[in-house]
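A.B. asks: Counting along the sequence shown from 1, when you hit position 383 you're at 383 in our numbering, and nothing is skipped either side.
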Amino acid sequence: MTEHLASLFGTAVGMLPTAPARALELFTEITSVDETACDAWVGRLRCGDTDRATLFRAWYSRNNFGQLAGAAEISMNSLNARIPIGGLYGDITYPVNSPLAITMAFAVREAAEGNFADAMEALDDAPAMGAEYLVSWIKAVIYGAAERWTDVIDEVRAASGWPDKFLGAAAGVAHGVAVTNLGLSTEAERRLTESNSSPAGEACAPAIAWYLAMARRSQGNEDAAIALLEWLQATHPSPKVSAALKDPSYRLATTTAEKIAARTDPWDPASVQADTSGREKLLADAQAELDRQIGLSRVKEQIEKYRAATQMAKVRAARGMKVAQQSKHMIFTGPPGTGKTTIARVVANILAGLGVIAEPKLVETSRKDFVAEYEGQSSVKTSRTIDRAVGGVLFIDEAYTLVQERDGRADPFGTEALDTLLARMENDRDRLVVIIAGYSADIDRLLETNDGLRSRFATRVEFDSYSAEDIVEIAKVIAEDNDSQLSEDAAKRVHDAATLLHDRLLNGKPALDIAGNGRYARQLVEAGEQSRDMRLARSLDIESLGVEQLSEISGEDMAAAIAAVHGRLNIGA
Numbered sequence: 001m002t003e004h005l006a007s008l009f010g011t012a013v014g015m016l017p018t019a020p021a022r023a024l025e026l027f028t029e030i031t032s033v034d035e036t037a038c039d040a041w042v043g044r045l046r047c048g049d050t051d052r053a054t055l056f057r058a059w060y061s062r063n064n065f066g067q068l069a070g071a072a073e074i075s076m077n078s079l080n081a082r083i084p085i086g087g088l089y090g091d092i093t094y095p096v097n098s099p100l101a102i103t104m105a106f107a108v109r110e111a112a113e114g115n116f117a118d119a120m121e122a123l124d125d126a127p128a129m130g131a132e133y134l135v136s137w138i139k140a141v142i143y144g145a146a147e148r149w150t151d152v153i154d155e156v157r158a159a160s161g162w163p164d165k166f167l168g169a170a171a172g173v174a175h176g177v178a179v180t181n182l183g184l185s186t187e188a189e190r191r192l193t194e195s196n197s198s199p200a201g202e203a204c205a206p207a208i209a210w211y212l213a214m215a216r217r218s219q220g221n222e223d224a225a226i227a228l229l230e231w232l233q234a235t236h237p238s239p240k241v242s243a244a245l246k247d248p249s250y251r252l253a254t255t256t257a258e259k260i261a262a263r264t265d266p267w268d269p270a271s272v273q274a275d276t277s278g279r280e281k282l283l284a285d286a287q288a289e290l291d292r293q294i295g296l297s298r299v300k301e302q303i304e305k306y307r308a309a310t311q312m313a314k315v316r317a318a319r320g321m322k323v324a325q326q327s328k329h330m331i332f333t334g335p336p337g338t339g340k341t342t343i344a345r346v347v348a349n350i351l352a353g354l355g356v357i358a359e360p361k362l363v364e365t366s367r368k369d370f371v372a373e374y375e376g377q378s379s380v381k382t383s384r385t386i387d388r389a390v391g392g393v394l395f396i397d398e399a400y401t402l403v404q405e406r407d408g409r410a411d412p413f414g415t416e417a418l419d420t421l422l423a424r425m426e427n428d429r430d431r432l433v434v435i436i437a438g439y440s441a442d443i444d445r446l447l448e449t450n451d452g453l454r455s456r457f458a459t460r461v462e463f464d465s466y467s468a469e470d471i472v473e474i475a476k477v478i479a480e481d482n483d484s485q486l487s488e489d490a491a492k493r494v495h496d497a498a499t500l501l502h503d504r505l506l507n508g509k510p511a512l513d514i515a516g517n518g519r520y521a522r523q524l525v526e527a528g529e530q531s532r533d534m535r536l537a538r539s540l541d542i543e544s545l546g547v548e549q550l551s552e553i554s555g556e557d558m559a560a561a562i563a564a565v566h567g568r569l570n571i572g573a
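1) Given that a residue counts as buried once 16 or more other Cβ atoms are within 10 Å of its Cβ, and exposed if not, what is S160?
2) Just confirm the distance between the C-beta atoms of L422 and R456, as a whole number of angstroms; I'd bet it's less than 8 Å.
3) Determine the closest residue to I443 out of Q404, A105, G172, with distance taken between C-alpha atoms.
4) Quick check on this structure: which residue in T2, G220, E426, I92 has the alpha carbon closest to the alpha carbon of A171?
5) Note down, in chain order, each residue of its chain lying with its Cβ closer than 7 Å to the Cβ of I562, except the 5 sequence neighbours on either side.
6) May I have the straight-line CA-CA distance separating R22 from G201, to the nearest angstrom?
7) Drop a sphere of 10 angstroms on the beta-carbon of G452, count the other beta-carbons inside from all chains shown, and report buried for 16 or more, exposed for fewer.
8) Work out the CA separation of Q326 and G295 for me, nearest whole Å.
9) In the DSSP output, what is E509 paired with across the bridge?
10) Check G438 in the structure and name its three-state DSSP category.
11) With DSSP as the reference, label Y133 as helix, strand or coil.
12) Count Cβ pairs between the region 512 to 522 and the region 328 to 336 that sit closer than 8 Å; are there 3 or more?
13) Identify every run of the beta strand (DSSP E) within the region 344 to 401, keeping only runs that are complete inside it and at least 3 residues long; order them along the chain.
14) From which residue to which residue does the alpha helix (DSSP H) around I478 run?
15) Tell me, to the nearest whole angstrom, how far the beta carbon of P206 is from that of H236; I am working on the premise that it is less than 8 Å.
16) Going by beta carbon distance, what residues of the same chain come within less than 6 Å of A527, once the five residues before and after it are set aside?
17) Helix or strand or just coil, what does DSSP make of L184?
18) Indicate the three-state DSSP secondary structure (helix, strand or coil) for F9 in the structure shown.
19) Per DSSP, which one or two residues make a beta bridge with I208?
20) Residue range of the beta strand (DSSP E) that P266 falls in?
21) Is it buried or exposed for G87, if we count other Cβ within 10 angstroms and need 16 for buried?
22) Could you name the residues of the same chain whose beta carbon sits closer than 6 Å to that of T401, not counting the 5 residues immediately before and after it, in chain order?
23) I'd like the ranges of any alpha helix (DSSP H) spanning at least 4 consecutive residues and lying wholly in the region 293 to 323.
24) Can you tell me whether P412 is buried or exposed? The criterion is at least 16 other CB atoms within 10 Å of its CB, across all chains shown.
25) Between the region 72 to 91 and the region 105 to 123, are three or more C-beta pairs nearer than 8 Å?
26) Do S61 and T36 have their beta-carbon atoms positioned less than 9 Å apart in this structure?
27) Under the rule that 16 or more other beta-carbon atoms within 10 Å means buried, what is S136, buried or exposed?
28) Taking the beta carbon of A308 as the centre, do at least 16 other beta carbons fall within 10 Å, making it buried, or is it exposed?
29) Can the beta-carbon of A437 be found closer than 9 Å to that of A352?
30) When DSSP labels each residue in this structure, what does R460 get in the three-state scheme?
31) Assuming the contact rule is C-beta atoms closer than 8 Å, A257 and Y250 should be a hit. Round their C-beta distance to whole Å, please.
32) Nearest to W267 by alpha carbon, out of S195, I142, S7?
33) May I have the straight-line CA-CA distance separating N427 from A188, to the nearest angstrom?
34) May I have the straight-line CA-CA distance separating I350 from T255, to the nearest angstrom?
35) Going by CA-CA distance only, name the one from D34, V152, D533, T415 that's closest to T180.
36) In terms of DSSP beta bridges, what is F332 paired with?
Structure (structure tokens):
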């Protein structure tokens, strides 16, 4: 097999100068047979297949770099493959002559996608000696994409001593871009003007022109700024250039070293720690929402304890007292429709109100947001999902589905996702809270799949099924929110139906749980409103209907609603 693939590879390389399309077909044929054939993935990149998945596969198989070419007795340099590593600074490419080159390209691409932590992590296996300047350049690209301008400057500070004079010159452009974004227009003009005549001047011309125009405009040199903007519009048009030409007040949104240092998420420019003026409102909103919930007495008590413990830990830390390093991640167990997602939003408001997380953000997810279809991709997909939640709360509903065993076989993709989740829960514990939710027994099975999983959660909140009385009260609240009301007979029918489901078992679970508890109440109200509206629409004089008639759901309306909802849910009369 290796000899056959090596032969295909040699043929494909030979076709690159005259028949690149056919060469791409051959490289693709090789990767369809052997996904770890790094050299063939590089061949696809050389042929213009720059899809993100292609670059990922080349990087994922980088340890096999040169093996297929060696078997074909071909130098990888003969492919003349180059990859972009310029980021926002310019059209800069680098020859694919080593696994490091692939890693550099992968890191730059991930940064462009906003996956900054993944980009930095990819650089961890870069050679310790001889490649420091290349790693510094890539870090400068990553930091630039994340608008961490002070870090950009730190990475390129020693660029005058780099062995690659072209990259050293490009580093000067990066330095100029960084100081422009820091509002240092005089220094920006000096550095960018020097860079314009450097070896990297042509490759970085659009970036130099844009930032130099912004620096000169901020200095009041409008004619010089307009000249640069007109050149950009003629050679490299873009919406921002058009906007800057039309509006003389258009300025670069600059920042400061202090604001960058104040970010709660170092990769998110919007995460600069806000003042505390809105925190009291968040806490008040959280308490109001908690009080509004019907039933859930045990849940309310547990959330109050969680809030008190978190609040006092911050007070003790502020006083210099010892604080137990207890995990803030939580487990919510119980049947569907019992308010788990709502309480998760309450927790997000509480934590944001206490300043534990940057914002009251709740990212709702399930298995599809973590588990991919191919080996090695679940960790990437999981990290991207977690990145969306950093600074807030990640809520994983039906978390037990993350790892699914079929016919006694392990789930490698789910396990890969879970391992990545565990690592991020630990590494990002100061800026991320994870809540997993599901049936109690199912969650226990999930916890048993990984020795370290249970220890990550210090708080477990048990959600009980609603009682029939709770269902009636929930239905009344839902109806009132819709400017409707249940008649006494309608409320009694809801109670009787809920009691019947509460006491009946389906597949070993209360039928009320199968029906969705609170969601069941909502469905009854909505179906009752439909029945009422149908009844009223048949009235001979619709215009004479009063507010009470338009709002009341009668016993007959609710009877029809119960029959319809039970029929849809297949849970019996």
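For each residue, glycine too, the CB sits at the ideal point set by N, CA and C.
C.D. replies: So, to answer that:
1) Answer is exposed; the Cβ neighbour count stays below 16.
2) Correct: roughly 7 Å between the Cβ atoms.
3) Distance from the Cα of I443 is smallest, within the candidate group Q404, A105, G172, for Q404.
4) The shortest C-alpha separation from A171 is found at I92.
5) Correct list, in chain order: R493, A497, L524.
6) Roughly 36 Å between the two C-alpha positions.
7) Around the beta carbon of G452, fewer than 16 other beta carbons sit within 10 angstroms, so the residue counts as exposed.
8) The straight-line gap from Cα to Cα measures roughly 29 Å.
9) It should be pointed out that residue 509 corresponds to Lys in this sequence rather than to Glu. When beta bridges are read from the DSSP output, K509 appears opposite L506.
10) In the structure shown, G438 sits in a strand (DSSP, three-state: E or B).
11) Shown here, Y133 sits in a helix according to DSSP, grouped into three states.
12) In short, these stretches touch, since the Cβ pair count reaches three.
13) Correct list: 362 to 365, 393 to 396.
14) For I478, the uninterrupted alpha helix (DSSP H) run begins and ends at 468 to 481, by DSSP.
15) About 4 Å; that satisfies the 8 Å criterion.
16) A561, A564, V565.
17) Shown here, L184 sits in coil according to DSSP, grouped into three states, outside any helix or strand.
18) Collapsing the DSSP output to three states places F9 in a helix.
19) For I208, which the question treats as bridged, DSSP gives no partner whatsoever.
20) Run containing P266: none; DSSP gives neither H nor E here.
21) Buried, because 16 or more other Cβ atoms sit within 10 Å of the Cβ of G87.
22) Closer than 6 Å at Cβ, skipping near neighbours: R367.
23) Complete alpha helix (DSSP H) runs here, min 4: 297 to 318.
24) By the Cβ-count criterion, P412 is exposed, with fewer than 16 other Cβ atoms from all chains shown falling within 10 Å of its own Cβ.
25) In short, these stretches touch, since the Cβ pair count reaches three.
26) With respect to the 9 Å criterion, T36 and S61 are classified as neighbours on the basis of their beta carbons.
27) S136 is classed as buried because its beta carbon has at least 16 other beta carbons within 10 Å across all chains shown.
28) So A308 ends up on the exposed side.
29) No, these two residues do not count as a Cβ contact at 9 Å.
30) Correct three-state label for R460: strand.
31) About 24 Å; that fails the 8 Å criterion.
32) Residue I142 is the option with its Cα nearest to W267.
33) Approximately 36 Å between the Cα atoms of the pair.
34) Within the model, the alpha-carbon separation for I350 versus T255 is close to 30 Å.
35) Out of D34, V152, D533, T415, V152 has the C-alpha closest to the C-alpha of T180.
36) Paired residues: A437, V461.
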